[in-house]
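Counting from 1, one number per residue, gives the positions in the sequence shown under our numbering.
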Amino acid sequence: MLTVTSALRSKFFEGLARIRGSLGPHPSGLLLVEASHGNLQCYLHEHNASIPSCLRQKWFIQAVKSIAFIHSRGVIHSDLRPENFLVHGTAPISFDLWLCDFGGSTCEELALSAKKLPDSGFFNPKLPWEPTFTVDIFSLGSVLYAIVKGHWPFRTGTGPFTSIEEMDECEASVDACFASGKFPSVEGLFGGDIILGCWDGTFSKASEIMAAVNKLEF
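Okay, structure coming up:
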């Protein structure tokens, strides 16, 4: 959403997708300058096997920074998933991750409340069905997991679902797991405790996640 993105970028944070202009009369069609290599979901699907650990770690940190920043400005994204992070750069080893798509965001200061909620795999069914910072934090855990593992929680593939039935079955399965407090193993993963902390409620603020990231050794 142009209003939210412009307002956030006026605060001089470099983790948000830049906007060059509109692709038509409505702000829903935006020309994103940094989308040189598409979104993270597509990049993981096409290049997962060749992404070095150091780049995953960089993206992990950038994802956390972007959420900590927008939360500090009172913005709830409400639709955090790999498709809403863009991959940009001139060389694979130096690619950056940029947060985009604020069309479903909530921001009291800007009088915005889209009532958007994340998809299955990025939402905890036990949480109230309303946009909150807590919802974003849970979603962030799944995004971080996807960055490190290369796929969504409780999925092994990176590509699109092959049928509506497969999608429905996967969504029902992951919703049931999250609702019962069952999460994928994070043992041995970079930032595993942070991922789990996003899922299990250890973190109540994105700033706490950022503080934990600053203590990581790599």
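Every residue, glycine too, gets a C-beta built ideally from N, C-alpha and C.
Count the other C-beta atoms from every protein chain shown that fall within 10 angstroms of the C-beta of residue i, then say buried if there are 16 or more, exposed otherwise.
| i | result |
| --- | --- |
| residue 191 | buried |
| residue 181 | exposed |
| residue 138 | buried |
| residue 195 | buried |
| residue 218 | exposed |
| residue 215 | exposed |
| residue 153 | buried |
| residue 160 | exposed |
| residue 28 | Note that residue 28 has pLDDT 38, beneath the 50 cutoff, so the model's placement of it is unreliable and no number is given. |
Roughly how many angstroms lie between the CA atoms of residue i and residue j, to the nearest whole one?
| i | j | result |
| --- | --- | --- |
| residue 51 | residue 189 | 15 Å |
| residue 96 | residue 81 | 16 Å |
| residue 173 | residue 128 | 19 Å |
| residue 187 | residue 57 | 16 Å |
Tell whether a beta-carbon distance below 8 Å holds between residue i and residue j.
| i | j | result |
| --- | --- | --- |
| residue 144 | residue 198 | yes |
| residue 158 | residue 48 | yes |
| residue 87 | residue 40 | yes |
| residue 101 | residue 136 | no |
Kindly list the residues whose CB is nearer than 8 Å to the CB of residue i, restricted to its own chain and excluding five residues on each side of it in sequence; keep chain order.
| i | result |
| --- | --- |
| residue 207 | 68, 71 and 72 |
Leaving out the 5 sequence neighbours to the left and right, which residues in its chain are closer than 7 Å to residue i when beta-carbon positions are compared?
| i | result |
| --- | --- |
| residue 179 | 125 and 126 |
| residue 74 | 107, 108 and 109 |
| residue 43 | 37 and 87 |
How many whole angstroms separate the CB atoms of residue i and residue j, which I take to be in contact at a CB cut-off of 8 Å?
| i | j | result |
| --- | --- | --- |
| residue 76 | residue 132 | 7 Å |
| residue 120 | residue 171 | 4 Å |
| residue 105 | residue 111 | The Cβ separation is near 12 Å, so there is no contact. |
Note down, in chain order, each residue of its chain lying with its Cβ closer than 6 Å to the Cβ of residue i, except the 5 sequence neighbours on either side.
| i | result |
| --- | --- |
| residue 60 | 144, 147 and 191 |
| residue 45 | 158 and 159 |
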